[in-house]
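Number of protein chains: 2
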Amino acid sequence: MHTVDDLSKVLKVLADPTRLTMLKQMQGGEQCACSFVDCFDISQPAISRHLKMMRQAGLLLERRDKQWIHYRLNETSPFYKIVVDLLDNIETVDASCDCETDCAI
Amino acid sequence: MHTVDDLSKVLKVLADPTRLTMLKQMQGGEQCACSFVDCFDISQPAISRHLKMMRQAGLLLERRDKQWIHYRLNETSPFYKIVVDLLDNIETVDASCDCETDCAI
DNA sequence: AGGTTATATAACGGATTTGTTATACAGATA
DNA sequence: TATCTGTATAACAAATCCGTTATATAACCT
Chain A
1 MHTVDDLSKV LKVLADPTRL TMLKQMQGGE QCACSFVDCF DISQPAISRH
51 LKMMRQAGLL LERRDKQWIH YRLNETSPFY KIVVDLLDNI ETVDASCDCE
101 TDCAI
Chain B
106 MHTVDDLSKV LKVLADPTRL TMLKQMQGGE QCACSFVDCF DISQPAISRH
156 LKMMRQAGLL LERRDKQWIH YRLNETSPFY KIVVDLLDNI ETVDASCDCE
206 TDCAI
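Line by line, the protein sequences give chains A and B.
Numbering (our numbering) for the first sequence: 1 to 105.
Numbering (our numbering) for the second sequence: 106 to 210.
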C-alpha cells in the first residue's frame, strides 16, 4: 500500500517512453548502459540521466564490471510489482538493441 | 496490449497527486466537479483542467444534470484495468470531501 | 430579462522536464 | 605515464506542466 504522493512520484518516473523502453528491456535481463546508448537516438548524457532518475527512485540496481555498468530491475523495490505489471501491458519492444562494445553481455 | 508511447501518455496523466486522488475518489462512485472544487486547495479552473486532461485521455465519462457535471471512471477505456489496479495500491483517501452545493450526491 | 451558480477557456508566470554540448571522472591498456 | 573507453555531471535552451486571475458560457431561478 502506498500514499498518493509516493505513487505519483514513481509514475512520473515511469511516464516517459525512453525510460519505459529501458525498463522493458531490463525485464529481459541485466543491461549494460552502453547498450542503451547504442539503442536510442539520444545522447549518452541523456541516457545517463534517465538511468540516474530510475536508480534514485529505487527502481534499478547497478553492478560495475570493469568500466561497464550493468543495470537491472530492483526486485526488492516496494514498487517492483507495480512496475512489472505495467511492463507486461507493453507490446514486446524491438530487440535490435545490441551493444557494440566488449561489455560482455 | 499497448504501445510504449500510448502507455507513457496515460502514465503522464496519472502521475500527479491531485489527479490520482480524484480518480481514487471516483473509484468510490460518480463525483460532481463541484465536490473536487470544495475538496482541493487549488482554484476551480485548475480542477477543470485536471478533469479535461483525464477526459481527453479517455479515462473519464461525464454526465450533465442541470448545471452540475458528474464525472466517473470510463470502464470501457482500454486503460481502465491498469488505472484501477494502480488505484488499488493507494491507501484509502481522506473522504472528508463533501460537496457543499445542491448537486444531489 | 437579469442575476446567480457551476463549469470552461484564455492569458500568463514560475517550476520542471528533457534534450543538447562541454567537461570531468574511473578504469583499462599501451 | 599517457591515452582510450565508458559513464557521470554541469550548464544551458526549448517545451511542457501546473498554478494563478480574469473572463466566457451554460443552466437555473426569480
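Cβ atoms here follow ideal geometry from the backbone N, Cα and C, with glycine treated the same way.
Treat the numbers as computed from the prediction; the structure is a model and nothing was measured.
Please classify A:Ile42 as buried or exposed, where buried requires at least 16 neighbouring CB atoms within 10 angstroms. In the first sequence, counting from the first residue as 1, residue 42 of chain A sits at position 42. Under this definition A:Ile42 is an exposed residue.
Between which residues of its own chain and B:Val189 is the CB-CB distance below 7 Å, once the five residues before and five after are set aside? As a first step, residue 189 of chain B is located in the second sequence; it is residue number 84 there, counting from the start. If we look at B:Val189 and ignore the five residues flanking it on each side, its Cβ neighbours are Gln132.
Give me the residue from B:Cys208, B:Leu178, B:Asp143 and B:Arg154 with the minimum Cα distance to B:Gln172. Stepping through the second sequence from its first residue, residue 172 of chain B is reached at position 67. Considering only alpha carbons, the answer is B:Cys208.
Residues of chain B with CB closer than 7 Å to the CB of A:Glu75, please, in chain order. Along the first sequence, one-based indexing puts residue 75 of chain A at 75. What A:Glu75 touches in chain B: nothing, since even the nearest Cβ is about 17 Å away.
Is it the case that the Cβ atoms of B:Leu177 and B:Glu135 are separated by a distance below 8 Å? On the second sequence, residue 177 of chain B is found 72 positions in, with the first residue counted as 1. On the second sequence, residue 135 of chain B is found 30 positions in, with the first residue counted as 1. One point to set straight first is that residue 177 of chain B is Arg, not Leu, in the sequence displayed. Cβ distance < 8 Å, so B:Arg177 and B:Glu135 count as in contact.
Answer yes or no: do A:Leu86 and A:Leu14 have a C-beta to C-beta separation smaller than 8 Å? The sequence position of residue 86 of chain A within the first sequence is 86, counting from 1. The sequence position of residue 14 of chain A within the first sequence is 14, counting from 1. Contact flag set, yes.
Just mark A:Met54 as buried or exposed, buried being the case when its beta carbon has 16 or more other beta carbons within 10 Å. Residue mapping note: residue 54 of chain A aligns to position 54 of the first sequence, counting from 1. By the neighbour-count rule (16 or more Cβ atoms within 10 Å), A:Met54 is buried.
Tell me the rounded alpha-carbon separation between A:Gly58 and A:Ser77. For this step, residue 58 of chain A is matched to residue 58 along the first sequence. For this step, residue 77 of chain A is matched to residue 77 along the first sequence. Cα-Cα distance, rounded: 6 Å.
Below 7 Å on C-beta distance, what does B:Ala120 contact in chain A? Counting from 1 along the second sequence, the entry for residue 120 of chain B is found at position 15. Near B:Ala120 (Cβ distances below 7 Å), the residues of chain A are Ser8, Leu11, Lys12 and Ala15.
Endpoints, the alpha helix (DSSP H) within which B:Leu119 is located: Against the second sequence, residue 119 of chain B aligns to sequence position 14. Val109 to Leu119 is the span of the alpha helix (DSSP H), which, as asked, contains B:Leu119.
Cα-Cα separation, B:Asn179 to B:Ile187: Taking the second sequence and counting its residues from 1, one reaches residue 179 of chain B at position 74. Taking the second sequence and counting its residues from 1, one reaches residue 187 of chain B at position 82. Cα to Cα, B:Asn179 sits roughly 12 Å from B:Ile187.
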